[in-house]
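To keep things clear, I will list the structure first and then write my remarks on it.
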Amino acid sequence: MANQSGILKRFWKFMLSIGPGFFLVGYTIGTGSVVAMASAGSRYGLSMLWALALSCIFSFIMLEAYGRYAVVTGEGALYGYKKHFKFLGRPVAIITLIGLIMVEIMALIGIMGIISDLIHEWSIILFDGSGWNHLWIAVGIIIFMNILLTLGEYSFFEKILIIFVSIMGISFILTMFIVLPEPSEMAKGLIPTIPKEVNAPMVIAALVGTTLTAPTFVVRSVLMKEKKWALGQLKDQRKDAIVASVLMFVVSGSIMACAAGTLYVMNKPVEEVITMVTLLEPLLGRFALSIFIMGILGAALSSILPIVMLAPLLIGDYKNKPVNYKGPLFRILTVTGLLFGLIVPILGARPVFAMLLSQLFQIFVLPVVVVAIIYLLNRKDIMGEYKAGLWLNIGLWLTLIFSLIISYQSVLGMKVSLGSLF
148 MANQSGILKR FWKFMLSIGP GFFLVGYTIG TGSVVAMASA GSRYGLSMLW
198 ALALSCIFSF IMLEAYGRYA VVTGEGALYG YKKHFKFLGR PVAIITLIGL
248 IMVEIMALIG IMGIISDLIH EWSIILFDGS GWNHLWIAVG IIIFMNILLT
298 LGEYSFFEKI LIIFVSIMGI SFILTMFIVL PEPSEMAKGL IPTIPKEVNA
348 PMVIAALVGT TLTAPTFVVR SVLMKEKKWA LGQLKDQRKD AIVASVLMFV
398 VSGSIMACAA GTLYVMNKPV EEVITMVTLL EPLLGRFALS IFIMGILGAA
448 LSSILPIVML APLLIGDYKN KPVNYKGPLF RILTVTGLLF GLIVPILGAR
498 PVFAMLLSQL FQIFVLPVVV VAIIYLLNRK DIMGEYKAGL WLNIGLWLTL
548 IFSLIISYQS VLGMKVSLGS LF
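Following this note's numbering, the numbering of the sequence shown begins with 148 at its first residue and continues without gaps.
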């Protein structure tokens, strides 16, 4: 018994040592990721697994870059922009700050709308009847998240996110094993191919756009400061970045595999989570479907918490001041962020539109964030012996090229998507 207790303690200690990674996985894999992976899997099977793998590799490069900058300099990204970009510093930092906050407000509006729809549908499946009211579902989630936000400091939020991400990961992986595709199909999916269909590049752009996200990398540097990691933790931050990237691939790949093993076989492409749940019910049954829905709920909750914390974290970074988690600014900003989540349930708007606006802001911010870190990591007066070497520079420039290609495809996709909404 004592031996089991010791193993559990060591396991929990390891989990806490990669807490920033879990924070970022929870932040990155939300309902937008679920929609993108489900859409790709239901339309094209596992043929786009390579795009997910590539975006996770580029995500690792960016996590390593921003993590290295933070532990070497002790500065967050926005403060670094303001301090080191000369006369462009303040405008670049402010534009990035506003852009990232707009991305997350739109994402939060969409997430809350989608999760309200999902819980409403789940209540019908479990209890029959007309289902729970969308608005009261959203209010309940907001109250729950607000209680969590009043309880602790960064270390507490990190532990909560470890729990949410674990629920999400275990649920999606279990569901994948229920409908496990052939291993040969998984192997084929890692070979780069683009289906000969007009929408295929846009689906790839959506898939990558929900994984390779600008806010994730800027927040990375802030989390290093919150953990008080310095040069002594350089290897720890790299391990953390590796774990985060691998988890992103495994969890997102599980969602894609689940859709590929069911909806793709049935020739039932989906664009929304609620449609996927409705189609999967007769195939998986209530129990297996409930496991899948638990994963989506874990994805939503693990995204909402970091999203509403983003504004105070970024403002603290811009000012180069620690975040006061009990202070009035933190409380005002987080409560305001949560209240944005009521827009879709109150107005009855389509949550997909808010998610599209979120992607639109993301398109323009990502290349800026990549260029900025290339500049900072190659300044020897800033990084000293830890400036970017050949391989990291190659990785960063490839990431920039990749981000520009994805941004171009996203603009094309956005035109089509917005045209279908109006």
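For glycine and all other residues, C-beta sits at the position ideal for the given N, C-alpha and C.
Helix, strand or coil at residue i according to DSSP, with G and I counted as helix
i           : result
residue 249 : helix
residue 169 : helix
residue 365 : helix
residue 98  : The shown model of the chain, from 148 to 569, leaves out residue 98, and the question about it has no answer.
residue 279 : coil
residue 535 : coil
residue 540 : helix
residue 570 : The displayed coordinates of the chain run from 148 to 569. Any statement about residue 570 would go beyond what the structure contains.
residue 526 : coil
residue 329 : coil
residue 197 : helix
residue 341 : coil
residue 402 : helix
residue 293 : helix
residue 355 : helix
residue 176 : coil
residue 305 : helix
residue 386 : helix
residue 269 : helix
residue 371 : helix
residue 335 : helix
residue 461 : helix
residue 377 : coil
residue 422 : helix
residue 475 : helix
residue 481 : helix
residue 488 : coil
residue 415 : coil
residue 322 : helix
residue 222 : coil
residue 211 : helix
residue 469 : coil
residue 360 : coil
residue 232 : coil
residue 299 : coil
residue 192 : coil
Supposed close pair residue i, residue j - CB separation, criterion 8 angstroms
i           : j           : result
residue 188 : residue 406 : 3 angstroms
residue 206 : residue 358 : 6 angstroms
residue 251 : residue 362 : 6 angstroms
residue 169 : residue 305 : 7 angstroms
residue 323 : residue 404 : 5 angstroms
residue 529 : residue 231 : 6 angstroms
residue 570 : residue 424 : For residue 570 there is no data in the structure shown, the boundaries of the chain being 148 and 569.
residue 457 : residue 248 : 7 angstroms
For residue i, the nearest candidate out of the options (CA to CA)
i           : options               : result
residue 389 : 232, 376 and 214      : 214
residue 516 : 195, 193 and 212      : 212
residue 348 : 198, 544 and 216      : 198
residue 303 : 276, 556 and 374      : 374
residue 194 : 305, 360 and 351      : 351
residue 380 : 231, 219 and 229      : 219
residue 484 : 235, 453 and 513      : 453
residue 435 : 535, 325 and 172      : 325
residue 227 : 331, 369 and 360      : 369
residue 224 : 191, 366, 423 and 554 : 366
residue 371 : 256, 210 and 424      : 210
residue 310 : 532, 544, 551 and 444 : 444
residue 190 : 412, 422, 478 and 514 : 412
residue 319 : 420, 401 and 494      : 401
residue 115 : 476, 421 and 172      : No statement about residue 115 is possible, as the shown extent of the chain runs from 148 to 569 and does not include it.
residue 376 : 248, 476 and 217      : 217
residue 265 : 493, 557, 279 and 250 : 279
residue 196 : 333, 294 and 306      : 333
residue 533 : 404, 552 and 382      : 382
residue 229 : 222, 240 and 385      : 240
residue 559 : 176, 353 and 408      : 353
residue 437 : 554, 273, 514 and 281 : 273
residue 262 : 556, 440, 541 and 355 : 440
residue 208 : 291, 345 and 384      : 384
residue 514 : 343, 175, 248 and 364 : 364
residue 433 : 173, 270 and 171      : 270
residue 547 : 531, 555 and 518      : 518
Checklist entry - Using 8 angstroms as the Cβ pair cut-off and three pairs as the minimum, do the segment 200 to 215 and the segment 395 to 414 touch? => result yes
Next on the checklist: Would you call the segment 305 to 318 in contact with the segment 432 to 449, where contact means no fewer than 3 C-beta pairs closer than 8 angstroms?
Outcome noted: yes
Next on the checklist: Is it the case that the segment 461 to 472 contacts the segment 332 to 344, given that we only count it when at least three CB pairs across the two stretches are under 8 angstroms?
Outcome noted: no
Checklist entry - Does the segment 487 to 496 come close enough to the segment 276 to 287 to have 3 or more Cβ pairs within less than 8 angstroms? => result yes
Next on the checklist: Does the structure place the segment 458 to 468 close enough to the segment 226 to 245 that three or more beta carbon pairs sit under 8 angstroms?
Outcome noted: yes
Checklist entry - Does the segment 298 to 305 come close enough to the segment 512 to 528 that 3 or more CB-CB pairs lie under 8 angstroms? => result no
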